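Throughout the sequence shown, residue numbering follows my numbering, covering 5 to 442 in sequence.
Cβ coordinates follow ideal geometry from the N, Cα and C atoms, glycine included.
Because the structure is a prediction, the values reported are computed rather than measured.
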Amino acid sequence: YEFLVSSRAGFARLILSENIGCSRALFSAVRVNPWNSEEIMYTLDMALNEDDQQVAEEQAADVRNLRHNTIKTWALSFVADLDETEEPRVRHRLALGLDSRTAVELADLKTLDEVALMHAYQASHFPFIVISYETLVRRGAGAFAAESRKWTPCRPSQRTLDALHALSQCGPVYVVSDLAQESLLAIFEAACPHVGLLAESGLYIRLASGGAVARECGYGGSGGGATLAQGAWQRTVPRDVDLSWVDVAREIMTGYCERTDGSFLEATGVSLSWHYVKADPTFGSWQAKELKNHLSAVLDAFDVEVIQGDGSLHVRQNDLVKFALDIAWGHIVPSQKEKSRKPREKPKLETASSSVDFALLFCDSRADECLTAALDDLFERTRVARVFKCSVEVQPTSRDQYFVRSSADMEAMLAILSRSKPKGDTASDSSAVRIVES
5 YEFLVSSRAG
15 FARLILSENI
25 GCSRALFSAV
35 RVNPWNSEEI
45 MYTLDMALNE
55 DDQQVAEEQA
65 ADVRNLRHNT
75 IKTWALSFVA
85 DLDETEEPRV
95 RHRLALGLDS
105 RTAVELADLK
115 TLDEVALMHA
125 YQASHFPFIV
135 ISYETLVRRG
145 AGAFAAESRK
155 WTPCRPSQRT
165 LDALHALSQC
175 GPVYVVSDLA
185 QESLLAIFEA
195 ACPHVGLLAE
205 SGLYIRLASG
215 GAVARECGYG
225 GSGGGATLAQ
235 GAWQRTVPRD
245 VDLSWVDVAR
255 EIMTGYCERT
265 DGSFLEATGV
275 SLSWHYVKAD
285 PTFGSWQAKE
295 LKNHLSAVLD
305 AFDVEVIQGD
315 GSLHVRQNDL
325 VKFALDIAWG
335 HIVPSQKEKS
345 RKPREKPKLE
355 TASSSVDFAL
365 LFCDSRADEC
375 LTAALDDLFE
385 RTRVARVFKC
395 SVEVQPTSRD
405 QYFVRSSADM
415 EAMLAILSRS
425 KPKGDTASDS
435 SAVRIVES
């Protein structure tokens, strides 16, 4: 910049290294590779034989630009951008121990009131709970744990499994995960036999079953439905769906694995996950953003979604979770055809809990955005009375979501609910169940 301002116009051509940042902002400068001697010689020869008038015009344009965009202009623009940026105010930040996560309470976010949640659950007749598997294991999912997920998935605590088992006795509980079917069965089959499972991001679903409320409403089949050991997995998308994008995405993501130490690729039926939690945090984040932009551009013509999570990036077939939840919801809520059947055609069991009136979701609002959108659509169509959508450890993306500070807090809330009972869980209450006949 000093050379352009102080030199006589057209006196000489400015040659800069391509590694200097200002070389990109100067129109008259010629950029060269300082390590390529042949390129430097060619550039010097070209500069010596150039037309002085052309060099003077290009340098004059740069000088006008420099005088207009001064350091003062840049500073004012930078400060204006900072003023327009809005970030939540942090009340306090606390971290104890090397392995503990930072606990953050944001001033303008709604925190979930445990007492209000418990009262709403106790007042409900038919509760419906959906939990993202990543939130169940986040407390113990460090770098080495995430690396080992390729072979042995991180497991929820026994306290969490006991709470899920108790809650599944009162209404359907679903766990959504990108793990394979066998891995989910190994974790939940013995500890939570009635919990519904969505494997491989919703490609396969195993319906929830059991519970007094479920049996009274006819949910889960005759006799309370099949348990996990007896039930069958159901594929949510046709087998002839176009999966040609998988090979394209795999080749791109493999290249990023090679250039990012500590990262690895995990593949399932119709999804690919690139994990970088063991890589350098800053470099891994840069690579993840670049990979997301690369995949979004290349796979734009395919029906896929690219989602960046906490230490990972996922590419999967679009609307998998939506298809799976539609199947689960249809298993819970009677269809319009069944609702319109006249009582004289077939006696039916009618109860105050014949439809879902309490819904609870625990998820990562960034990585599980499609899960939240799918549930919003279901809740809007069926007009669920009490809905609690909670983002665990991650700032919510919408105003109607609650903020849960940690997975430990979520575990405590599940334990509190497991010791409570909804109104519909009263099989002996004759006022709750009655037969409607012609």
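**Prompt:** Run through DSSP, which three-state label would L183 get?
**Reply:** Assignment of L183 by DSSP, reduced to helix, strand and coil, places it in the coil class.
**Message:** Tell me which residues share the same chain as D307 and place their Cβ nearer than 6 Å to its Cβ, disregarding the 5 neighbours each side in the sequence.
**Reply:** Residues of the same chain with a CB within less than 6 Å of the CB of D307, apart from the 5 flanking positions on each side, are N322 in chain order.
**Item:** Under the three-state DSSP convention, the category G334 falls into
**Value:** Of the three classes helix, strand and coil, the one that applies to G334 here is helix, per DSSP.
**Item:** Three-state class that DSSP yields for E354 in the structure shown
**Value:** Its pLDDT being 36, under 50, E354 is placed unreliably in this model, and the coordinates cannot settle the point.
**Asked** Pick from E42, I44, P38, Q57: whose alpha carbon is nearest that of S32?
**Response** If we check each option's Cα against that of S32, Q57 comes out closest.
**Message:** Just to confirm the assignment: which complete alpha helix (DSSP H) runs, minimum length 4, are found wholly within the segment 7-76?
**Reply:** The qualifying runs are 41-52, 56-72.
**Asked** Would V245 pass as a contact of L276 if the rule is Cβ separation under 8 Å?
**Response** No. Outside cutoff.
**Prompt:** On the three-state DSSP scale, how would you describe W78?
**Reply:** The answer is helix: DSSP assigns W78 an H, G or I state.
**Cut-off 8 Å between Cβ atoms - residues of its own chain near E43, not counting five sequence neighbours on either side** = Annotation for E43: V36, N37 place their beta carbon closer than 8 Å to its own, counting only its chain and skipping 5 residues before and after.
**Asked** Among A124, E54, K76, L140, which one has its Cα closest to the Cα of A4?
**Response** Since the first and last residues shown for the chain are 5 and 442, residue 4 lies out of range.
**Request:** Look at V177 and Y137 and say whether their C-beta atoms are less than 8 Å apart.
**Result:** No, they are not a contact pair.
**Request:** Specify, as a first and last residue, the run of the beta strand (DSSP E) that G288 falls within.
**Result:** Boundaries around G288 are those of the alpha helix (DSSP H), 285-302, since no beta strand (DSSP E) includes it.
**Message:** In the DSSP output, which residue or residues are listed as bridge partners for C367?
**Reply:** According to DSSP, which records beta bridges pairwise, C367 is partnered with S395.
**Request:** Would you mind reading off the limits of the alpha helix (DSSP H) that contains S136?
**Result:** Here S136 belongs to no alpha helix (DSSP H); instead the beta strand (DSSP E) covers 131-136.
**Prompt:** When DSSP builds the beta bridges, which residues end up paired with Y406?
**Reply:** DSSP lists C394 as the bridge partner or partners of Y406.
**Message:** When you compare the CB of L168 with every CB in chain D, is at least one pair closer than 8 Å?
**Reply:** Within the model displayed, chain D is absent; a lone protein chain is all it includes.
**Request:** Output the boundary residues of the alpha helix (DSSP H) element that contains G206.
**Result:** Segment: none, G206 is in no alpha helix (DSSP H) and carries neither H nor E.
**Item:** Close beta carbons around L188, own chain, < 7 Å, minus the five adjacent residues each side
**Value:** Here L188 has S181, L201, A203 as same chain residues with Cβ atoms under 7 Å from its own Cβ, once five neighbours each way along the sequence are excluded.
**Request:** With DSSP collapsed to three states, give me the class of Q173.
**Result:** In this structure, Q173 counts as coil in the three-state DSSP scheme.
**Prompt:** Taking all protein chains shown into account, do 16 or more other C-beta atoms lie within 10 angstroms of the C-beta of D87, making it buried, or fewer, making it exposed?
**Reply:** D87 comes out exposed.
**Asked** Hey, how far is the Cα of R17 from the Cα of Y46?
**Response** For the pair R17 and Y46, the Cα-to-Cα distance works out to about 14 Å.
**Message:** As a quick exercise: from K326, S267, M122, pick the residue whose alpha carbon is nearest that of P426.
**Reply:** Distances from the CA of P426 to each of K326, S267, M122 were compared; the closest alpha carbon is that of M122.
**Item:** Beta-carbon proximity check, V360 vs V388, cutoff 8 Å
**Value:** For the 8 Å CB-CB criterion, V360 and V388 form a contact.
**Asked** Do you know how far the Cα of E186 is from the Cα of G259?
**Response** Just so you know, the alpha carbons of G259 and E186 end up roughly 29 Å apart.
**Message:** Spatial neighbours of S422 within its chain, please: C-beta separation below 6 Å, excluding the five flanking residues on both sides.
**Reply:** Answer for S422: A167, A170, L171, listed in chain order.
**Message:** For a test of the three-state rule: what should DSSP assign to S424, helix, strand or coil?
**Reply:** Residue state, collapsed to three classes: coil.
**Prompt:** Between the C-alpha atoms of S369 and I135, what's the straight-line distance to the nearest angstrom?
**Reply:** When rounded, the separation of the alpha-carbon atoms in S369 and I135 is 12 Å.
**Prompt:** So what does DSSP say about Y280, is it helix, strand or coil?
**Reply:** If DSSP states are grouped into helix, strand and coil, Y280 belongs with coil.
**Item:** heavy atom of the ligand HEM below 7 Å from V36 C-beta
**Value:** Absent from the structure shown: the ligand HEM. Ligands present: none.
**Asked** Taking C-beta to C-beta, are A314 and A271 nearer than 8 Å?
**Response** According to the sequence displayed, residue 314 carries Asp and not Ala. In this structure, A271 does not lie closer than 8 Å to D314 by Cβ.
**Request:** Have a look at T264, S41, K293 and flag the residue whose alpha-carbon is nearest the alpha-carbon of K282.
**Result:** Taking only the C-alpha atoms, the option nearest K282 is T264.
**Message:** In the DSSP output, which residue or residues are listed as bridge partners for R239?
**Reply:** According to DSSP, which records beta bridges pairwise, R239 is partnered with Y208.
**Request:** State yes or no: is the C-beta of T240 within less than 8 Å of the C-beta of I331?
**Result:** Taking 8 Å as the Cβ cut-off, T240 and I331 qualify as a contacting pair.
**Request:** List the residues that DSSP assigns as beta-bridge partners of E270.
**Result:** Paired residues: S277.
**Request:** Please say whether A51 and V34 have beta carbons closer to each other than 8 Å?
**Result:** Cβ distance < 8 Å, so V34 and A51 count as in contact.
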